[in-house]
Amino acid sequence: MPAPFRIALANLPFPVTPEDSVARAALAVADAGAAGAGLVVFPECYVPGYRTPHTQLPPPDAAFLDRAWSALGAACAKAKVAAVVGTERVEGSKVFITALVLDARGARCGFQDKVQMAPPEDSFFAAGTGRHVFRVGPLTFGVVLCHEGWRYPETVRWAARRGAQLVVHPHYEWAEPGAFRPSSFADPRNTFHEKAMLCRAAENGCWFASVNYAAEGSPTTSAVVTPEGELLAYQPYGQAGLLVADIDLDAAKGFLASRCKTDPYA
19 MPAPFRIALA
29 NLPFPVTPED
39 SVARAALAVA
49 DAGAAGAGLV
59 VFPECYVPGY
69 RTPHTQLPPP
79 DAAFLDRAWS
89 ALGAACAKAK
99 VAAVVGTERV
109 EGSKVFITAL
119 VLDARGARCG
129 FQDKVQMAPP
139 EDSFFAAGTG
149 RHVFRVGPLT
159 FGVVLCHEGW
169 RYPETVRWAA
179 RRGAQLVVHP
189 HYEWAEPGAF
199 RPSSFADPRN
209 TFHEKAMLCR
219 AAENGCWFAS
229 VNYAAEGSPT
239 TSAVVTPEGE
249 LLAYQPYGQA
259 GLLVADIDLD
269 AAKGFLASRC
279 KTDPYA
């Protein structure tokens, strides 16, 4: 029987500055390597931090991003671990929410831009186009970003239909004033979001790993779900650290995804 593949989800506090985001991410890469992970995944736009009306960030800076990606590539090479870095990407006058995939040598394997935007993001970001799958050793995986995974199941199905055993889901959900504050996963009193994690895995027969920032009162946390839609592990709410899990790649059959008669991103 093949050995399980170890993944790590970097459940980190919101960075104080863009430079702080790189420093925290580099430390998490080192920790993931020390834990024996083959892949570490970061929250949505962790570098330099997610832009919303309630977060204060300097304007998008392509030169800073390139330096940050190089620094994290060097961290990956030193730790011998691949990474999915939630970040942003500047192209001319447009800024995209994206995920940069780095391999265990630190090489840039490509980007998955966010295609399905949440309405509040329209004032900050442009929508991307196209979807991709990536390979790290024996693992084939896809990336869906926050809103895509919650409300557009076809984004996960697209990757599963193309051999992805795992779909990773960098996101950012924060506490709203007066909102329910969970202490257990998928509490019926909570929002639908964590139930959606279970659905995305079960309806496609793939592993699903969702990673959020560590924030007090957040309605979601980082979690790993089996291809049967069962919770494997989750990070305690608001607690910073790595969530490390071993996943059986052979358990991801993708059978239900393969039977789907429509493929909107083909």
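Read the sequence shown against the numbering used here and you will find it ends at 284, with the numbers running on by one and no gaps. Each residue gets a CB set at the ideal place from its N, CA and C atoms; glycine is no exception.
Item	Value
Under DSSP, the alpha helix (DSSP H) around residue 241 begins and ends at which residues?	Not the alpha helix (DSSP H): residue 241 falls in the beta strand (DSSP E), residues 241 to 243.
How far does the alpha helix (DSSP H) with residue 83 in it extend, from its first residue to its last?	80 to 97
Quick check: the Cα distance between residue 225 and residue 184, rounded to an integer number of angstroms?	4 Å
Check each candidate in 121, 112, 255, 156 and name the one with the smallest Cα separation from residue 146.	112
Could you check what DSSP says for residue 112 in three-state terms: helix, strand or coil?	strand
Span of the alpha helix (DSSP H) holding residue 39?	36 to 52
Could you tell me which of 141, 182, 249 sits nearest to residue 212, measuring between CA atoms?	249
Where do the ends of the beta strand (DSSP E) carrying residue 32 lie?	Run containing residue 32: none; DSSP gives neither H nor E here.
Taking only the alpha-carbon atoms, compute the straight-line gap between residue 190 and residue 277 and give it to the nearest angstrom.	31 Å
I need the straight-line Cα distance from residue 180 to residue 198, nearest angstrom please.	37 Å
Since residue 95 and residue 123 should fall inside the 8 Å C-beta cutoff, what is the C-beta to C-beta distance between them, to a whole number of angstroms?	5 Å
Identify every residue that forms a DSSP beta bridge with residue 158.	153
Could you check where the beta strand (DSSP E) with residue 127 kicks off and where it finishes?	126 to 131
Give the secondary structure of residue 167 by DSSP, where H, G and I count as helix, E and B as strand, and everything else as coil.	helix
From the DSSP output, in three-state form, read off residue 105 for me.	strand
Could you spell out where the alpha helix (DSSP H) holding residue 276 opens and where it closes?	273 to 276
Can you name, in chain order, every residue of its own chain whose Cβ lies under 8 Å from the Cβ of residue 252, other than the five neighbours on each side?	203, 239, 240, 241, 242, 261
Please report whether the beta-carbon of residue 125 lies at a distance below 8 Å from any beta-carbon of chain C.	Note that chain C does not occur in the displayed structure, where there is just one protein chain.
Note down, in chain order, each residue of its chain lying with its Cβ closer than 6 Å to the Cβ of residue 132, except the 5 sequence neighbours on either side.	115, 146, 163
Kindly give me the distance between the Cβ atoms of residue 117 and residue 129, rounded to whole angstroms, as I take these residues to be in contact under 8 Å.	7 Å
Quick check on residue 176: does DSSP put it in helix, strand or coil?	helix
Just to confirm before moving on: does the CB-CB distance between residue 171 and residue 218 stay below 8 Å?	yes
Identify whether residue 261 lies in helix, strand or coil by the three-state DSSP scheme.	strand
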